[in-house]
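Trainee: Residues 0 to 418 (numbering that gives the first Met the number 0) make up the sequence shown, in order.
Built from N, CA and C at the ideal position, the CB exists for glycine as well.
The structure that follows is given in the form of structure tokens.
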Amino acid sequence: MNENKNIKIAIILVSSLFFLWGVSYGLIDVMNKNFQNHLHITQHESSFLQLAYFGAYFIIALPAGYIANRYSYKMGIIFGLCLYAIGALLIIPATNLASFYLFLFAFFILACGIGSLETSANPYMVKLGDEKNASFRINAAQSFNGLGQFLGPIIGGALFLSITKQEEGATKEQIEAALITNMGNVQLVYVAIAVIVILILIAFAMNKIPEGSEVSKDYESKDNSKAIEVFKHRHFNLGLLAQFLYIANQVAAGAFFINYAVEHNENLTDSKAAYYFSIALVAFMLGRIVSTPLMKKIKGESILGLYSLINVFICIMLYFASGFFSVMLLIALFFFMSISFPTIFAIATKNLPFNQVKLGGSLLVMSIVGGAIAPIIIGFINDHFGTSMGYLAMAPLFLYVAYYGFFGSYIKVDNAKDF
Numbered sequence: 000m001n002e003n004k005n006i007k008i009a010i011i012l013v014s015s016l017f018f019l020w021g022v023s024y025g026l027i028d029v030m031n032k033n034f035q036n037h038l039h040i041t042q043h044e045s046s047f048l049q050l051a052y053f054g055a056y057f058i059i060a061l062p063a064g065y066i067a068n069r070y071s072y073k074m075g076i077i078f079g080l081c082l083y084a085i086g087a088l089l090i091i092p093a094t095n096l097a098s099f100y101l102f103l104f105a106f107f108i109l110a111c112g113i114g115s116l117e118t119s120a121n122p123y124m125v126k127l128g129d130e131k132n133a134s135f136r137i138n139a140a141q142s143f144n145g146l147g148q149f150l151g152p153i154i155g156g157a158l159f160l161s162i163t164k165q166e167e168g169a170t171k172e173q174i175e176a177a178l179i180t181n182m183g184n185v186q187l188v189y190v191a192i193a194v195i196v197i198l199i200l201i202a203f204a205m206n207k208i209p210e211g212s213e214v215s216k217d218y219e220s221k222d223n224s225k226a227i228e229v230f231k232h233r234h235f236n237l238g239l240l241a242q243f244l245y246i247a248n249q250v251a252a253g254a255f256f257i258n259y260a261v262e263h264n265e266n267l268t269d270s271k272a273a274y275y276f277s278i279a280l281v282a283f284m285l286g287r288i289v290s291t292p293l294m295k296k297i298k299g300e301s302i303l304g305l306y307s308l309i310n311v312f313i314c315i316m317l318y319f320a321s322g323f324f325s326v327m328l329l330i331a332l333f334f335f336m337s338i339s340f341p342t343i344f345a346i347a348t349k350n351l352p353f354n355q356v357k358l359g360g361s362l363l364v365m366s367i368v369g370g371a372i373a374p375i376i377i378g379f380i381n382d383h384f385g386t387s388m389g390y391l392a393m394a395p396l397f398l399y400v401a402y403y404g405f406f407g408s409y410i411k412v413d414n415a416k417d418f
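Okay, here's the thing in structure tokens:
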């Protein structure tokens, strides 16, 4: 009875983590534009924010995985929450000095915390129950992540970007006053985030949560494998590539949403396109909410394959489309991307021996580095061939993810030969 109660508490606490890093991710693009407006840096310079943020995932994943493997998922989560809180509090001196480079350092530390959380929370959620419903659990938790991603831009847009209007035709003194107000709002938001993170950290520290379900404990007792043997599993190796390619597409699709929408709609303004982007994020969240219950009846692998195949055709249509229809296609793209990350994660770690799951989870989080690389490549394509070609270039990547869902996710009965 106590075991079931502890598992429920663990699921609730871990689900709150998904919301936390969703808010952080949702604020990043807003902060990017905010720095351009108030710190007067170029778009190229502001792109270092994404590099610092997503690069942190690649750097922290293995150390975070080591902590989770050496101690426990709980310790891995506490470590991540500490870094998250420290990074958020470092925003205070960054705003006081209005220093972009100090902001980069603060967001790097903050993202290291989030990367640590993802390294522990994703596989932990998979193991908090039977393997059959793993895709359902992680997609349900990721729905909170989608809510956070939606709320982040709303908070940032209201408190940060709205101040830009005060600068139009303003004097030097007014611009400086707007900068002070803006930095104050940024500080307020991240101090509030730090307080919430610390409260959740205390909740994790004070509650006795299991390392996994009874299924997982039995699983652990029978495992004599080495962590590095995770690469012997074909479905994991193919899933690692699928996750890298999917994240590349997700980040690039969001980064150039406004560019594509404005380019293909003659009278559409940047602000209006940004509004449609917020609708796309709602579609992304709804995609998870609508699709998660389906996984009780339909295999997650099949839904992943179908959704990714639909996105292949959407990318092809985006090459030819124009007008309002093209915007609707973009929004649909986000709906059908919604379940990809958590589903790939659950599939890739499915049936892995206990000693291999944590390294596997770390490597899957490292694959998020695809989000740091893709915008550079797609941006180059956009500059030379147009945004239509940029979205068309995403089609082969979605095709591979579809292949993984339908065929590559197959798990052989004899895992020892599954290479």
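Would you say Val364 and Tyr72 are within 8 Å of each other, going by their C-beta atoms?
Mentor: By one-based count along the sequence shown, residue 364 stands at place 365. By one-based count along the sequence shown, residue 72 stands at place 73. The answer is no: Cβ separation not under 8 Å.
Trainee: With DSSP run on the structure shown, which of helix, strand or coil describes Lys225?
Mentor: Numbered from its first residue, the sequence shown carries residue 225 at position 226. Here Lys225 sits in coil by DSSP.
Trainee: Pull up the distance between the alpha-carbon of Leu109 and that of Val281, whole angstroms please.
Mentor: Locating residue 109 in the sequence shown gives position 110, counting from the first residue. Locating residue 281 in the sequence shown gives position 282, counting from the first residue. For Leu109 and Val281, the distance between alpha carbons rounds to 25 Å.
Trainee: For Ile376, is the classification buried or exposed, using 16 other Cβ atoms within 10 angstroms of its Cβ as the cut-off for buried?
Mentor: The sequence position of residue 376 within the sequence shown is 377, counting from 1. So Ile376 counts as exposed.
Trainee: Quick check on Ile59: buried or exposed, where buried means 16 or more other Cβ atoms within 10 Å of its Cβ?
Mentor: Counting from one through the sequence shown, the residue named residue 59 turns up at place 60. Ile59 is buried by the Cβ-count criterion.
Trainee: Tell me whether Tyr218 is buried or exposed, calling it buried when 16 or more other Cβ atoms sit within 10 Å of its Cβ.
Mentor: Against the sequence shown, residue 218 aligns to sequence position 219. Any reading at Tyr218 must be qualified, since the residue scores a pLDDT of 47, below 50, and its modelled position is unreliable; no value is offered.
Trainee: If you drop the 5 nearest sequence neighbours on each side, which residues of the same chain put their C-beta closer than 7 Å to that of Ala105?
Mentor: Here residue 105 corresponds to residue number 106 of the sequence shown, with the count starting at 1. Once the five neighbours on either side are set aside, the close Cβ partners of Ala105 are Gly86, Leu89, Ile90 and Ala93.
Trainee: Measuring alpha carbon to alpha carbon, tell me which residue in Ser98, Phe99 and Ile195 is nearest Trp20.
Mentor: To locate residue 20, count along the sequence shown from 1; it is residue 21. Closest option to Trp20, Cα to Cα, is Ile195.
Trainee: Who are the Cβ neighbours of Ala193 in its own chain at under 6 Å, not counting the five residues just before and after it?
Mentor: Residue 193 sits at position 194 when you count from the first residue of the sequence shown. So the list reads Ala84, Ala87 and Leu88, once near-sequence residues are dropped.
Trainee: Quick check: what's the CA-CA separation for Tyr403 versus Thr268?
Mentor: Counted from its first residue, the sequence shown places residue 403 at position 404. Counted from its first residue, the sequence shown places residue 268 at position 269. About 38 Å.
Trainee: Which same chain residues, not among the five before or five after Gly145, have their C-beta less than 6 Å away from its C-beta?
Mentor: As a first step, residue 145 is located in the sequence shown; it is residue number 146 there, counting from the start. So the list reads Phe283, Met284 and Arg287, once near-sequence residues are dropped.
Trainee: Nearest to Ala380 by CA position, among Leu96, Leu328 and Asn258, is which residue?
Mentor: Along the sequence shown, read from residue 1 onward, the residue named residue 380 stands at position 381. Per the sequence shown, residue 380 should be read as Ile rather than Ala. Here the closest residue by C-alpha is Asn258.
Trainee: Go ahead and label Asn138 buried or exposed: buried means 16 or more other beta carbons lie within 10 angstroms of its beta carbon, across all protein chains shown.
Mentor: On the sequence shown, residue 138 is found 139 positions in, with the first residue counted as 1. So Asn138 counts as buried.
Trainee: Here's a check: name, in chain order, each residue in its chain whose Cβ is nearer than 6 Å to the Cβ of Tyr306, leaving out the five neighbours to either side.
Mentor: By 1-based counting over the sequence shown, the position of residue 306 is 307. Cβ neighbours of Tyr306 beyond the five flanking positions: Phe335.
Trainee: Using DSSP with H/G/I as helix, E/B as strand and the rest coil, what is Glu166?
Mentor: Locating residue 166 in the sequence shown gives position 167, where the first residue counts as 1. Residue placement at Glu166 cannot be trusted, given a pLDDT of 49 that sits under 50; the coordinates are not used to answer.
Trainee: Given a cut-off of 8 Å on the beta-carbon distance, is the pair Leu397 and Val326 in contact?
Mentor: Working through the sequence shown from its first residue, we reach residue 397 at position 398. Working through the sequence shown from its first residue, we reach residue 326 at position 327. Note that residue 397 corresponds to Phe in the displayed sequence, not to Leu. It is not a contact, given that the beta carbons lie outside the stated cut-off.
Trainee: From the beta carbon of Met393, is the nearest beta carbon of chain B less than 8 Å away?
Mentor: Structure shown: chain B not included; a single protein chain is present.
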